[in-house]
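**Student:**
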Amino acid sequence: MNTKLVGATLIVAGTSIGAGMLALPIAVANIGFWPAIALMLLIWGLSGYTALLLTEANLATGRGLNFHRMMGESLGRGGQLLCSASFLALLYALTAAYLTGGASLVALKAKSLLAVELGGSSATLIFACTLGLVAAFGVRYVDLLTRGLFSLKMVALAILVVLLLPQVEMHNLAPALSDQGQGSLLMAALPLIFTSFGFHVCIPPLVDYLEGDVRSLRKVFLMGSALPLLCYTLWLLAVFGPLGQAQLASLAQGDSLANLVNAIATLTGSSSIATLVTLFADLALVTSFIGVTLSLFEYLAELRQGQGGRVGTWLITFVPPLVLALALPEGFIAVLGFAAVPLAVLIVFLPVAAVLKLRDSVDAPYRVAGGTPALILATLLGALIVLAQLM
């Protein structure tokens, strides 16, 4: 067994599978199970194609160059600035979304374990000031922590799906009629599904790790992105099947994450399933939050070049998203959807522009199949995702 391939595949899968998975059933509730699966397949194809575009650009500019340097080599200073702005917007948006989701779960814990009613602001501050400190510990400690937590998360998900699947009722998977046009409903679901397949930030180090072997990289991207697709499909089946489309759509009112956890626990009437749902939600949020905030902290520390120390870096890491989370206490799904805009710039528009520029000026060692028509199609899909979020 090629341990490098296995490790790289798990990195791709682990980068994709995060707290956004919790929001998927509610985000796609209005379109139904089967249309959601079709959209996920479309986005999966787009994410795989753009991953290969980034691989082409990385090999042409210098194997293993990070996003910032890669865009600088291909698109100049303007490309670098757009890349940095998009990267910061993405990480700030994800951090704010995970703060609102984390606050929701903190409030649930306080009520169930301590019989204490916590307000949204208090729960958000508690979550930020406890788990937020983990980012300041550094990569080595966070890596060890997230490995263990991610493994627990996958075990909890597997057990939860096995317990919920027998309660699936096939008629709940059939899409219900809606007064709203199906096209607009599909558009509304696009941004969050797109965000759920965003593993591309790990591509430059993986290209270097696998020594630029394109065949190995293709396998890694295919298998690594197929694992989230499988997990998302099973999760949607396990939630849609027992609850049904109408009940899921109603959960979007108010604190959607807490509503979903409570609905599954109430429906099953099982304390063990209720505990597993809560554990999975906790682990999904914590692992995503730690990974994203560590990336944001380290990126800002690099930009600041040590000025202001780690305390100053911690403050500019957490204060902006904290302000947003306090302003939108029930904005978990909305803010996650907004993250699709900078993500589209980072993993669709910039790679397409970089490849177009490099193909005209560099004899690249690898070129993605599909030519100009495929680049145009990817750009149109990226524009559609951005339009869907801005509508």
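Residue 6 is where the sequence shown starts when you use the numbering used here, and the numbers rise one by one after that. All C-beta atoms in this analysis are idealised placements derived from N, C-alpha and C, irrespective of residue type, glycine included.
1) Could you work out which residue in 302, 217, 174 is closest to residue 250 when comparing CA atoms only?
2) I'd like to check one pair, residue 77 with residue 69: are the Cβ atoms closer than 8 Å?
3) Just to confirm, are residue 4 and residue 298 a CB contact at a threshold of 8 Å?
4) Helix, strand or coil: how does DSSP classify residue 312 here?
5) Take every Cβ of the region 260-278, pair it with every Cβ of the region 103-121, and state whether three or more of those distances are shorter than 8 Å.
6) To the nearest whole angstrom, what separates the beta carbons of residue 206 and residue 20, a pair I think is in contact under 8 Å?
7) Measure the C-alpha to C-alpha separation of residue 46 and residue 121 and round it to an integer number of angstroms.
8) Excluding five sequence neighbours on each side, which residues of the same chain lie with their C-beta closer than 6 Å to the C-beta of residue 193?
9) Jot down the residue ranges of each uninterrupted alpha helix (DSSP H) in the region 53-137, minimum 4 residues, whole runs only, in chain order.
10) Contact defined as beta carbons within less than 8 Å: I believe residue 196 pairs with residue 394. What is the distance between those atoms, to the nearest angstrom?
11) Could you tell me the distance, in whole angstroms, from the CA atom of residue 36 to the CA atom of residue 191?
12) Which same chain residues end up closer than 7 Å to residue 133 when comparing Cβ atoms and leaving out the 5 residues on each side of it in sequence?
13) In chain order, what residues of the same chain have a beta carbon less than 8 Å from the beta carbon of residue 218, not counting five sequence neighbours either side?
14) Are there 16 or more other CB atoms within 10 angstroms of the CB of residue 287, so buried, or fewer, so exposed?
15) Out of 282, 368, 17, point me to the one whose CA is closest to residue 165's CA.
16) Helix, strand or coil for residue 203? Go by DSSP, reduced to three states.
**Tutor:** Walking through what the data contain:
1) 174
2) no
3) Missing from the structure shown is residue 4; the chain here goes from 6 to 396 and no further.
4) coil
5) yes
6) 7 Å
7) Each residue's Cα considered, the two are about 43 Å apart.
8) none
9) 72-119, 125-136
10) 4 Å
11) 6 Å
12) 104, 323, 327
13) none
14) buried
15) 282
16) coil
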